[in-house]
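Enquirer: For the sequence shown, this note's numbering assigns the number 427 to the initial residue and increments by one for each residue that follows. Think of the CB as a built atom: it goes at the ideal place given N, C-alpha and C, for glycine as much as any other residue.
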Amino acid sequence: MGFLQEQGLEALHRLATGVLAYDSFRELALAEQAIRVEAATAARLASEAEERVRIAAMMARMKLADEQAEAARLAREGDPKYIAKIKNQKLRTRYGIDTHVEQHCFGRLMKILKRVDADQRLSQEDFVWLSSVGERYFSDQLRTAYHRLEADFFVSEFKKTGDPWMAVNASSQFRKCDCALDADSLLGTINVSQQKSSKLKSAICTTHGGVMRDLRRWDEALHLGKKAHALKADDYRPCTLLGAIHMETGNYSLGQEWYAKAVERGATVDSVDQDLRNIFFRAD
């Protein structure tokens, strides 16, 4: 019976104990029920009000945190050091350098990237550094940009001086940045038969043959390679070109013969091995 009183069911308790008649119980029970409903409603409204206050306080804290973060971002982005850091990151990304840059290499590498990005040639010292100490940062994108700058420089020199050797140098650089068509167009402006030097004629034919090899125009490549060899039979370069062409077209025995001739004329065994590795690597 004490349980009924604890739950606020006084009318039911009195009915159960015989103190209250049933008719009187109904009237009193309805009154108690109304009181309980009113109390529950008041408690719910109070709880909802507390929840609204809690949510409002939380939203205010979040707004303050967002405002503080935005203020910090604006201050950070206005900081020259931060601006320089972001620019450096974008520059490294542009040239495919996603590896960690050692502190002792950072300054020199960034100077190199800025020069390349400004279309300025690198010094010989910078190229040597990239090929040795900074080799891990010499990405494909950076190599392509470097060779393109070199090609553009030699093209400019060729236009100024008319020296065919500049066109040969430019074409070699074009090949290294996958611009064989540019090299073909450039070399096509030179009349080989009008050149006096056999060495120059052979060099032009060898370089143009290499361009045709890149373009997979095998017959033209072979013709130019043979012509270069006929012009300068003691030069190993036409031999390596012909060896490479035969290897890439499946004439392995002829390829080996021409590479052997190249070694006889001064090509190193290591350079020939490297050439063959590159050929087989591309074939895979």
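(1) In chain order, what residues of the same chain have a beta carbon less than 6 Å from the beta carbon of L668, not counting five sequence neighbours either side?
(2) Cutting at 6 Å between CB atoms, please list the residues of its own chain near R502, excluding the five before and the five after it.
(3) Check whether the region 663-682 and the region 627-635 touch, using three or more Cβ-Cβ pairs below 8 Å as the test.
(4) Would S598 pass as a contact of T633 if the rule is Cβ separation under 8 Å?
(5) What distance in whole Å lies between the Cβ atoms of R639 and I671, which are believed to be in contact at a cut-off of 8 Å?
(6) Measure the CB-CB distance between L575 and L539 and report whether it falls below 8 Å.
(7) R691 by DSSP, collapsed to three states: which one?
(8) Assuming D610 contacts V637 (C-beta within less than 8 Å), just tell me the rounded distance between them.
(9) How many Å lie between K537 and T570 at the Cα?
(10) How long is the line joining the alpha carbons of H530 and M592, rounded to whole angstroms?
(11) Taking the C-alpha atoms as reference points, what is the distance between A468 and E474?
(12) Which residues in the same chain as D701 place their Cβ atom closer than 8 Å to its Cβ, once the five residues preceding and following it in sequence are excluded?
(13) Give me the Cα-Cα distance between K687 and N704, rounded to the nearest whole angstrom.
(14) Please determine, among R562, A577, V554, the residue with the shortest C-alpha to C-alpha distance to Q546.
(15) Output the distance between the C-alpha atoms of L613 and V689, rounded to the nearest integer angstrom.
(16) Whose C-beta lies closer than 7 Å to the C-beta of V594 among residues of the same chain, with five residues either side of it excluded?
(17) Would you mind reading off the limits of the alpha helix (DSSP H) that contains A670?
(18) Residue ranges of each alpha helix (DSSP H) run of no fewer than 4 residues wholly in the region 485-535, ordered along the chain?
(19) Tell me the rounded alpha-carbon separation between L648 and A510.
(20) Would you report the Cα separation of L641 and E674, rounded to the nearest angstrom?
(21) Assuming the contact rule is C-beta atoms closer than 8 Å, I523 and Y563 should be a hit. Round their C-beta distance to whole Å, please.
(22) Could you give the distance in angstroms between the alpha-carbon of A656 and the alpha-carbon of L535?
(23) Which residue from T525, D589, C603 puts its Cα closest to that of S623?
(24) How is G560 classed by DSSP in three states: helix, strand or coil?
(25) Could you have a look at A629 and say whether DSSP puts it in helix, strand or coil?
(26) May I ask you to check if the CB of S598 is nearer than 7 Å to at least one heavy atom of the ligand PLP?
(27) Please return the same chain residues whose Cβ sits closer than 8 Å to the Cβ of F553, not counting the five positions on each side in sequence.
(28) Threshold first: 4 residues or longer. Then list the alpha helix (DSSP H) segments lying entirely within the region 536-605, N to C.
(29) With burial defined as no fewer than 16 other Cβ atoms inside 10 Å of the residue's Cβ, what is the status of L471: buried or exposed?
Expert: Taking the definition as stated:
(1) As a position in the sequence shown, residue 668 is number 242, starting the count at 1. For L668, where only same-chain residues beyond five positions count, the Cβ hits under 6 Å are G651, W684.
(2) For the purposes of this step, residue 502 is taken as the residue at position 76 of the sequence shown. Same-chain partners within the cutoff: Y508.
(3) yes
(4) Start at 1 with the first residue of the sequence shown, and residue 598 comes out as number 172. Start at 1 with the first residue of the sequence shown, and residue 633 comes out as number 207. Against a cut-off of 8 Å, the Cβ pair of T633 and S598 comes out as a contact.
(5) Taking the sequence shown and counting its residues from 1, one reaches residue 671 at position 245. Taking the sequence shown and counting its residues from 1, one reaches residue 639 at position 213. Indeed, because the Cβ distance is near 6 Å, the residues count as touching under 8 Å.
(6) Numbered from its first residue, the sequence shown carries residue 575 at position 149. Numbered from its first residue, the sequence shown carries residue 539 at position 113. In this structure, L539 does not lie closer than 8 Å to L575 by Cβ.
(7) By 1-based counting over the sequence shown, the position of residue 691 is 265. Correct three-state label for R691: coil.
(8) Counting from 1 along the sequence shown, the entry for residue 610 is found at position 184. Counting from 1 along the sequence shown, the entry for residue 637 is found at position 211. About 5 Å separates the two Cβ atoms, so the contact holds.
(9) Here residue 537 refers to the residue found at position 111 when the sequence shown is read from its first residue. Here residue 570 refers to the residue found at position 144 when the sequence shown is read from its first residue. If I take the Cα positions, the gap works out to 17 Å.
(10) Within the sequence shown, the letter at position 104 stands for residue 530. Within the sequence shown, the letter at position 166 stands for residue 592. Rounded to the nearest angstrom, the two C-alpha atoms are 36 Å apart.
(11) Counting from one through the sequence shown, the residue named residue 468 turns up at place 42. Counting from one through the sequence shown, the residue named residue 474 turns up at place 48. About 10 Å.
(12) Working through the sequence shown from its first residue, we reach residue 701 at position 275. Close CB contacts of D701 within its chain, under the 8 Å cut and outside five residues either way in sequence, are with T666, G669, A670, Y685 (chain order).
(13) Indexing the sequence shown from 1 puts residue 687 at position 261. Indexing the sequence shown from 1 puts residue 704 at position 278. Computed Cα separation, rounded: 19 Å.
(14) Against the sequence shown, residue 546 aligns to sequence position 120. Of the listed residues, the one whose Cα sits closest to Q546 is A577.
(15) Position 187 of the sequence shown, counting from 1, holds the residue named residue 613. Position 263 of the sequence shown, counting from 1, holds the residue named residue 689. Between L613 and V689, the C-alpha separation is close to 27 Å.
(16) The count along the sequence shown starts at 1 and reaches residue 594 at position 168. Sequence-distant partners of V594 (beyond 5 residues in either direction) whose C-beta falls short of 7 Å from its own C-beta, in its chain, are A629, I630, T633.
(17) Start at 1 with the first residue of the sequence shown, and residue 670 comes out as number 244. Where A670 is concerned, the enclosing alpha helix (DSSP H) stretches over 662-674.
(18) 506-520
(19) For the purposes of this step, residue 648 is taken as residue 222 along the sequence shown, with counting starting at 1. For the purposes of this step, residue 510 is taken as residue 84 along the sequence shown, with counting starting at 1. Approximately 52 Å between the Cα atoms of the pair.
(20) Counted from its first residue, the sequence shown places residue 641 at position 215. Counted from its first residue, the sequence shown places residue 674 at position 248. Rounded to whole angstroms, L641 to E674 spans 12 Å at the Cα level.
(21) As a first step, residue 523 is located in the sequence shown; it is residue number 97 there, counting from the start. As a first step, residue 563 is located in the sequence shown; it is residue number 137 there, counting from the start. The pair is a contact, with the Cβ atoms about 5 Å apart (cut-off 8 Å).
(22) Against the sequence shown, residue 656 aligns to sequence position 230. Against the sequence shown, residue 535 aligns to sequence position 109. Answer to the nearest angstrom: the Cα atoms are 45 Å apart.
(23) One-based indexing of the sequence shown puts residue 623 at position 197. Checked all of T525, D589, C603; the closest Cα to S623 is D589.
(24) Counting from 1 along the sequence shown, the entry for residue 560 is found at position 134. The DSSP-derived three-state label of G560 is coil.
(25) Taking the first residue of the sequence shown as position 1, residue 629 is located at position 203. Here A629 carries a helix assignment [DSSP, helix/strand/coil].
(26) The ligand PLP is absent from the structure shown, which contains no ligands of any kind.
(27) To locate residue 553, count along the sequence shown from 1; it is residue 127. Around F553: Y572.
(28) 550-557, 566-587, 590-602
(29) Residue numbering aside, residue 471 sits at position 45 when the sequence shown is read from its first letter. Classification of L471: exposed, given that the 10 Å Cβ count is below 16.
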